[in-house]
Amino acid sequence: MTTDSSSRSRAAADGVSTFKGRERALRADRLGTGGLLLSVLAATAPLMVVAGVMPTTFAVMGIVGQPLLFVVLGAVLVLFSLGYAEMSRHVHNAGAFYAYISRGLGGTAGAGAAMVALVAYNSLQVGIYGIFGFEVSGLFATYADIEIAWWIPSLLAVLAVGALGWLKIDVNARVLGVLLVVEVLLVVVFDIAAIADPGKEGLSLHAFNPDTLTGAGVGTALCFCIAAFLGFEQAPVYAEETSRPHVLVPRVMFLAVTGVAVFFAISSWALTVATGPAAIVGTSQEQSAGLLFFLTEERLGGTFTDVLHVLFVTGMFAAMLSFHNVVARYAFAMGREGLLPAAFGRTTGGSGAPGTGSLLQTVIAAVLVLVFALTDDKPTGDPTAPVLHLFTWGGNIGALGVIVLMAIASLSVVVFFVRRGAARAQAWRLVTSALAGIALVVIAGYTVKDFDVLVGAGPDSSLSWVLPGVIGLALLVGLVQGALLRARAPETHARIGLGNEAFRLDQEAERTP
């Protein structure tokens with residue numbers, strides 16, 4: 316294997332190889348710590364979590380100790396990040412999860428992980444279009460007295476996100492940054508207002524009492540809450556587009572996971588303070604997704620609440636763009652390494668963006684929105700059902716997929732360093748990875764077991780096994796693809812997870828007489 320400098324010099328001597336090299340590598344030096352952190356955090360959609368996930372968890376699960384759950388999950392994900400971040404110092408690949416799993420468990424396992432990642436992140440991204448369209452149509456009805464079908468703003472958002480996906484990643488980071496910062500500031504204002512004007516029980520810390528985490532709903536509440544963290548694990552996806560990936564990626568992951576844990580723990584506690592711990596479950600059941608807006612109306616007035624409604628929508632847009640960028644880069648990495656057609660492994664024009672991967676995600680999103688739109692307005696049905704199904708089905712399928720990927724990646728970290736003879740040097744990281752992996756397997760088990768609750772289906776509904784079965788099917792398809800490549804195209808199989816090294820191998824092969 317040649318060094319980076321010799322590869323570049325040889326490529327410069329060969330016009331064809333230079334062209335291919337530029338196409339098959341994402342542009343470096345696009346993101347610094349701030350840009351990378353904003354790109355990652357935008358996926359967590361803080362306002363959507365505070366206004367949507369938290370009230371739902373309180374209402375459905377009846378768990379007062381949700382703030383403590385965020386602390387517990389934060390600790391688990393920090394344990395996961397210790398090994399995951401160390402892995403990022405050795406592997407710089409837009410394929411992230413599947414690249415790490417390939418390096419630890421082999422190319423076939425990597426192919427399975429790649430397909431799971433592609434399905435999971437697509438599901439997460441497309442699911443948000445449902446609730447986005449629903450909320451935008453509601454804003455038009457409330458403030459402009461205009462009735463529009465939910466799928467119209469959803470499709471317009473698909474086009475807008477697709478267009479932004481073709482731009483330079485640093486341009487995307489600026490868009491995400493503005494939306495995220497404003498969103499977070501508004502939540503912080505509510506937190507301060509709730510603490511300054513608490514409910515009847517005052518500044519109670521009861522929500523952090525371990526006794527609040529008893530009961531049958533705790534496992535399912537974990538599933539709800541872990542979805543709020545999704546995004547921090549995306550930092551390695553952008554490793555090739557940073558100047559110092561071995562420094563920036565671990566730094567951003569730890570900043571993201573600790574920041575999210577603290578922010579959501581405080582914000583969910585603020586909700587319990589505003590209503591009183593004894594009333595939070597009942598008030599959440601009464602107000603549902605309107606809980607936050609109900610509380611801000613009381614304390615901060617109608618104008619602030621109106622602005623919050625608008626920022627609720629823009630926060631969703633930021634999350635959709637963030638997940639779109641991740642899907643495009645996974646498709647790019649898979650195309651570069653032979654898991655998707657080679658056209659996906661090319662960057663586009665002067666932006667250096669993975670344009671074909673972006674186009675793929677845009678098409679998938681448009682098709683799925685149209686499919687759910689065709690089921691809308693049934694005479695005998697609930698007109699909001701397609702919207703809510705798109706959101707809950709997509710979100711929970713995606714969350715399950717990422718939890719599975721994190722669990723497998725934890726095992727991969729252990730195997731990777733043991734095979735490299737670094738088990739003693741990395742002993743404490745291997746222990747934390749193993750502990751995190753066990754915890755994530757337990758959470759994945761609860762997610763599958765309680766999937767009917769997560770998607771609002773009955774216990775006897777076929778959805779309880781069909782929807783999580785999507786992730787199982789994706790894993791199976793990927794494993795079969797990996798096994799076939801190993802048998803029929805061993806050179807392609809050997810490149811799975813190599814990232815930039817894959818096309819450097821091609822360049823060397825071209826120069827071999």
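As numbered in the working numbering, residues 316 to 828 make up the sequence shown, in order.
All C-beta atoms in this analysis are idealised placements derived from N, C-alpha and C, irrespective of residue type, glycine included.
Tell me whether the beta-carbon of residue i lies closer than 7 Å to the beta-carbon of residue j.
| i | j | result |
| --- | --- | --- |
| S673 | W466 | no |
| A428 | F449 | no |
| S727 | G752 | no |
| S748 | P565 | no |
| P361 | E548 | no |
| M568 | A400 | yes |
| L385 | F579 | It should be pointed out that residue 385 corresponds to Phe in this sequence rather than to Leu. Contact flag set, yes. |
| D426 | L654 | Sequence inspection shows Ala at residue 426; the Asp mentioned does not correspond to that position. Yes, Cβ-Cβ distance for A426 and L654 is below 7 Å. |
| A522 | P592 | yes |
| G713 | A435 | yes |
| R418 | V431 | no |
| F539 | L392 | no |
| T423 | A802 | no |
| T372 | A536 | yes |
| G716 | I786 | yes |
| V379 | T618 | no |
| A508 | L615 | yes |
| G546 | V355 | yes |
| A681 | V473 | yes |
Excluding the five sequence neighbours on either side, which residues of its own chain have a C-beta within less than 6 Å of the C-beta of residue i, listed in chain order?
| i | result |
| --- | --- |
| F706 | G442, G445 and I446 |
| L610 | A589 |
| T629 | L494 |
| V596 | F373 and G377 |
| V678 | none |
| L683 | V441 |
| R337 | In this prediction, R337 has a pLDDT of 46, which is less than 50 and means its spatial position is unreliable; what the coordinates show is noted afterwards. Correct list: empty, nothing qualifies. |
| M649 | A429 and L655 |
| N711 | L769 and V770 |
May I have the straight-line CA-CA distance separating residue i from residue j, to the nearest angstrom?
| i | j | result |
| --- | --- | --- |
| G574 | V364 | 14 Å |
| L636 | A668 | 14 Å |
| A742 | L788 | 35 Å |
| G605 | K515 | 21 Å |
| A809 | A414 | 12 Å |
| I723 | I416 | 7 Å |
| A759 | I718 | 6 Å |
| L520 | W584 | 8 Å |
| R661 | R644 | 10 Å |
| L800 | E806 | 8 Å |
| P382 | A542 | 14 Å |
| T348 | S776 | 46 Å |
| F732 | P551 | 18 Å |
| S572 | R559 | Reading off the sequence shown, one finds Val at residue 572, where the question assumed Ser. Cα to Cα, the separation comes out at about 20 Å. |
| T695 | V686 | Note that T695 scores 41 on pLDDT, short of 50, meaning its location in the model is unreliable; the coordinates nonetheless yield the value given after this. C-alpha separation (whole angstroms): 18 Å. |
| A688 | A475 | 19 Å |
| Q602 | F455 | 21 Å |
| T457 | L769 | 29 Å |
| A804 | T663 | 28 Å |
| T671 | N524 | 50 Å |
Since residue i contacts residue j with CB under 8 Å, what's their CB separation in whole angstroms?
| i | j | result |
| --- | --- | --- |
| L353 | L491 | 5 Å |
| T620 | F608 | 5 Å |
| R744 | L397 | 5 Å |
| S582 | D506 | 6 Å |
| G771 | L439 | Not a contact, Cβ separation roughly 18 Å. |
| H639 | Q676 | 5 Å |
| D765 | G534 | 6 Å |
| L394 | L750 | 5 Å |
| N437 | V642 | 6 Å |
| M369 | L586 | 6 Å |
| V730 | L420 | 6 Å |
| L433 | A646 | 7 Å |
Sorted by chain position, which residues of the same chain lie with C-beta nearer than 7 Å to residue i's C-beta, five sequence neighbours on each side aside?
| i | result |
| --- | --- |
| D813 | What sits at residue 813 in the sequence shown is Leu, not Asp. Around L813: E652. |
| L518 | I510 and V588 |
| G773 | D767 |
| L626 | L362, V497, E498 and L501 |
Using a Cβ-Cβ cutoff of less than 8 Å, which residues in the same chain neighbour residue i once the five nearest sequence positions on both sides are dropped?
| i | result |
| --- | --- |
| P756 | It is Val, not Pro, that sits at residue 756 in the sequence shown. A722, listed in sequence order. |
| L791 | G427 |
| L703 | G445, I446, F449 and G771 |
Distance cutoff 7 Å, beta carbons only. Does residue i sit that close to anything in chain C?
| i | result |
| --- | --- |
| W780 | The structure shown has no chain C; it contains just one protein chain. |
Continuous beta strand (DSSP E) assignments of at least 3 residues falling wholly in the segment 361 to 431: For the segment 361 to 431, not a single whole beta strand (DSSP E) run of length 3 or above is found.
What are the start and end residues of each continuous alpha helix (DSSP H) run of 4 or more residues lying completely inside the segment 512 to 585, in chain order? Segments of the alpha helix (DSSP H) lying fully in the segment 512 to 585: 533 to 542.
Note down, one range per segment and in chain order, each alpha helix (DSSP H) of at least 4 residues found wholly within the segment 658 to 743. Residue ranges of uninterrupted alpha helix (DSSP H) with 4 or more members, entirely inside the segment 658 to 743 and ordered along the chain, are 670 to 689 and 700 to 734.
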